[in-house]
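Notes to accompany the following structure.
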Amino acid sequence: MLAAQLRLDNLVAIVDYNGLQSDGESSQIIDLGDLAAKFAAFGWNAVTVDGHDIPALHAALTAPSPDRPRALIARTVKGKGISFMENNNEWHHNRLTKASYDSAVEELSAPCR
């Protein structure tokens with residue numbers, strides 16, 4: 000609340016909103032509802048973006064927000080781009096073995112389709 004009152008237009012909060020937390024889906028543990036509306040209620044300029052879309056993130060970060068702090072709700076997929084990690088809640092706290100590390104690097108290094 001103070002950030003909006005002080006007109007901190009150089010303040011940006013980025014929320015990585017992938018819908019998962021360490022013990023399950025966020026909506027089943029605590030439904031956060033419309034985060035952008037909640038930030039807006041506190042006087043923030045709130046925008047929801049695709050957290051994997053670099054041009055969209057850049058546009059949201061550089062758009063003017065005069066006299067208001069900005070909140071970017073980045074909708075993401077946990078483990079995006081690594082088949083055995085993608086949307087797999089176990090990887091919230093797991094460690095990579097050498098084999099899983101090598102597999103992940105191989106998948107991330109593959110040409111985009």
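Under numbering that gives the first Met the number 0, the first residue of the sequence shown is numbered 0, with each subsequent residue one higher. Backbone N, C-alpha and C define an ideal beta-carbon position, used for all residues, glycine too. As the structure is a computational prediction, the values presented were derived from the model and not from experiment.
Residues of its chain near residue i, where Cβ-Cβ distance is below 7 Å and the 5 sequence neighbours each way are ignored
{"i": "tyrosine 16", "result": "Leu34, Ile72, Ala73, Arg74, Thr75"}
{"i": "aspartate 49", "result": "Ala55, Arg74"}
{"i": "threonine 47", "result": "Ala35, Ile72, Arg74"}
{"i": "asparagine 87", "result": "Gly78"}
{"i": "proline 65", "result": "Asp8"}
Between the CA atoms of residue j and residue i - distance to the nearest angstrom
{"i": "glutamate 24", "j": "glycine 18", "result": "6 Å"}
{"i": "glutamine 20", "j": "methionine 84", "result": "14 Å"}
{"i": "leucine 10", "j": "histidine 92", "result": "30 Å"}
{"i": "glycine 32", "j": "valine 104", "result": "35 Å"}
{"i": "serine 82", "j": "leucine 1", "result": "42 Å"}
DSSP-derived helix/strand/coil call for residue i
{"i": "alanine 35", "result": "helix"}
{"i": "aspartate 30", "result": "coil"}
{"i": "threonine 47", "result": "strand"}
{"i": "leucine 71", "result": "strand"}
{"i": "leucine 107", "result": "helix"}
{"i": "leucine 19", "result": "strand"}
{"i": "alanine 62", "result": "coil"}
{"i": "lysine 89", "result": "The identity of residue 89 in the sequence shown is glutamate, whereas the question assumes lysine. Here glutamate 89 sits in helix by DSSP."}
{"i": "isoleucine 53", "result": "helix"}
Whole-Å CB distance - residue i paired with residue j, under 8 Å assumed
{"i": "tryptophan 43", "j": "alanine 62", "result": "Rounded, the Cβ-Cβ distance is 13 Å, inconsistent with contact."}
Chain-order list of residues whose beta-carbon lies under 6 Å from that of residue i (same chain, five-residue window excluded)
{"i": "alanine 59", "result": "Val46, Val48, Leu71"}
Same chain only: Cβ atoms within 8 Å of residue i, ignoring 5 sequence neighbours per side
{"i": "alanine 3", "result": "Phe41, Gly42, Trp43, Arg67, Pro68"}
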